[in-house]
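This report refers to the structure that appears directly beneath it.
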Amino acid sequence: MPLSRRAVLASRESLLGLAERLESPDPVNPCGVARVLVLLTDGTGPLYSRGGGDRLREAVWWIADGLALDAGEGPGHGPVYGPRRR
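To get our numbering, take the position in the sequence shown, counting from 1, and add 5.
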């Protein structure tokens with residue numbers, strides 16, 4: 006499935022900002038990484054559909070929100086997975 010060239014060009018700055026965030030050594034929330042996977046693999050999504058410029062920019066904002074760590078998360082502060090300690 007070919008990319009929507011028009012949508013990509015219209016969202017160029019947003020996409021470059023997203024790429025920069027993903028390349029950064031700073032930690033990201035896995036939720037945002039999963040959202041990137043959806044954007045890249047959904048052939049009916051805004052990255053591939055005609056006239057998807059506004060939809061693509063909205064998707065990039067949605068992804069960026071998902072990449073943000075919640076307060077208290079990050080190195081040494083991640084959520085506890087498994088049994089709680091008493």
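Every residue, glycine too, gets a C-beta built ideally from N, C-alpha and C.
Since A69 and R26 should fall inside the 8 angstroms C-beta cutoff, what is the C-beta to C-beta distance between them, to a whole number of angstroms? Correct: roughly 7 angstroms between the Cβ atoms.
So the candidates are W66, L72 and R55; which of them puts its Cα closest to the Cα of P7? Comparing Cα positions, the closest option is R55.
CB-CB length for S16 against L45, believed under 8 angstroms: The pair is not a contact, with the Cβ atoms about 14 angstroms apart (cut-off 8 angstroms).
Would G37 and G58 be called neighbours here (beta carbons separated by less than 8 angstroms)? In this structure, G58 does not lie closer than 8 angstroms to G37 by Cβ.
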